[in-house]
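Quick notes on the structure that follows.
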Amino acid sequence: MLAHIQNFKLYLNVLQLYINTGKINCHATSCVLITQQWCIFLYCLFSVSFPFTGLETKRNSYTSLTLPFFSFRRQDVLTVTPWLAPIVWEGTFNSEILQATESHHRVGTVLGLIYFLRGKIILAFFALTEKHFMKGYRVNYYIFTDNPKTIPNVQLQPGRRLVIVPIKKYPSWQEISMLRMEAINKHIAEMSHQELDYLFCLDIDMVLYNAWGLKPWVIVAAIHPGYFNVPRSQFPYERGRSSAAYIPDGEGDFYYGGAVFGGLVQKVYELTKTCHMTILMDKANGIMAAWQEESHLNRHFISHKPSKVLSPEYLWDDRKPKPPEIHLIHFSTVDKNYKEI
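In structure tokens form, the structure reads like this:
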């Protein structure tokens, strides 16, 4: 009996690894959830004792179950959400297996990456993105800019192209931030839906230090580096009841950063449409949410859970001291001197 249980545990480990790396190509979040829930049920059924560690996380009031087959090698961090979506940390996947299992997915798949640019493009940052972002995939870079003439010619890998999308000039980042959802939604409706399979939105004034090559999922969000290890009560959600971005006390899972989100084009279209509409509702009532579009993004993810969550390693801030949980920084804000750029 013990041998059967050990074999079954091994099977679950392999199955979960394949789900996380994309070997089992679940095109809908429900497929992943059903598979994982059956794994838990069968594991409970066949195990004499259910080996889990109850960890009271600092980020919210959940008692998180760190199941052995949910994490590849990490036991120091939460590697699965309460709704059973993977949380990607360095050490929770095998890069060699990932590369092998992604090869079939790269064929014919086109990704889009949207940047919003106010002023001149930071060539050094863009060059690092071209080096590290989704190696082997065809990528369209969409640069939304108020000054198209300043965009230089950039050397791109084969199968990649740069598309300049002119936008109106605005005096502040806050105004641009509030209009991003509308601009992205309109662009998807008019152009991107015909060209892409997946679309990601990243802040351009951040740096890709290491490979960003995880297989795209239905919808992806990133945990904000400032709030990954604090109680939920300290999340800067919009608390004004009059705002369409309002989140009551006691609700919420994580605090997501607005600098990174993406997924299937259709899902990104739905996300940006919802956020744009709630922003318009607030504007009609003379309200601006606490953190502009980021507040509306977090409100959206309360009722539309992301199918993959990126750890703060994918949305770090170089101005912060690096805690032991952060093993490898992939994407980060850097301390910039704009006068020298």
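Numbering follows this note's numbering, in which position 53 of the sequence shown is assigned residue number 150; successive positions increment by one, without gaps.
C-beta atoms are modelled at their ideal positions from N, C-alpha and C, and glycine is treated no differently.
As the structure is a prediction and not an experimental result, all values here were calculated from the model.
Counted within 10 angstroms of its Cβ, other Cβ atoms place residue i as buried (16 or more) or exposed
| i | result |
| --- | --- |
| L293 | buried |
| N250 | exposed |
| I423 | buried |
| A356 | buried |
| E187 | buried |
| K405 | buried |
| G354 | buried |
Where residue i falls: helix, strand or coil (DSSP)
| i | result |
| --- | --- |
| P409 | helix |
| N282 | helix |
| M374 | helix |
| V251 | coil |
| E348 | coil |
| E335 | strand |
| I273 | helix |
| M303 | strand |
| P263 | strand |
| I426 | coil |
| F190 | coil |
| Y81 | Because the chain in this structure spans residues 98 to 438, residue 81 falls outside the shown range and cannot be described. |
| L361 | strand |
Pairwise C-alpha distance: residue j and residue i
| i | j | result |
| --- | --- | --- |
| S339 | Q389 | 14 Å |
| M374 | A341 | 9 Å |
| L305 | T226 | 6 Å |
| V327 | K246 | 44 Å |
| L253 | F223 | 10 Å |
| P345 | I399 | 11 Å |
| F149 | R171 | With a pLDDT of 27 at F149, under the threshold of 50, the modelled position of that residue is not reliable, and no figure is offered here. |
| G208 | G233 | For the record, residue 208 in the displayed sequence is Leu; it is not Gly. Using only the alpha carbons, I get a separation of about 11 Å. |
| R416 | I301 | 17 Å |
| G347 | R396 | 13 Å |
| M385 | I376 | 8 Å |
| C372 | Q291 | 22 Å |
Reference residue i, options the options, closest by Cα
| i | options | result |
| --- | --- | --- |
| G360 | D302, D350, K402 | K402 |
| A318 | T176, V174, I184, D173 | I184 |
| L210 | F230, K266, F325 | F230 |
| R235 | A224, N250, T206, K228 | T206 |
| V519 | N237, P328, M275 | Only positions 98 to 438 of the chain appear in this structure, which leaves residue 519 out of reach. |
| W180 | G349, Q254, M288, T242 | G349 |
| P268 | I248, W413, T242, G256 | T242 |
| Q331 | K232, R416, F351, A381 | F351 |
| T430 | L412, R336, P333 | L412 |
| K380 | M275, K364, S289 | M275 |
| G323 | V315, I316, Y334 | Y334 |
| A308 | E410, K364, R258 | E410 |
| I316 | F297, R329, S408, Y239 | F297 |
| I281 | L425, A221, Y366 | Y366 |
Heavy atom of the ligand GDP within 7 Å of residue i beta-carbon
| i | result |
| --- | --- |
| R329 | Absence of the ligand GDP is noted for the structure shown, with no ligands found whatsoever. |
Practice item. Write down every uninterrupted run of the beta strand (DSSP E) in the stretch 206 to 242 whose length is 3 residues or greater and which is fully enclosed by it, in chain order. Key: Restricted to the stretch 206 to 242, the beta strand (DSSP E) segments that are unbroken, complete and at least 3 residues in length are 207 to 214, 235 to 242, listed in chain order.
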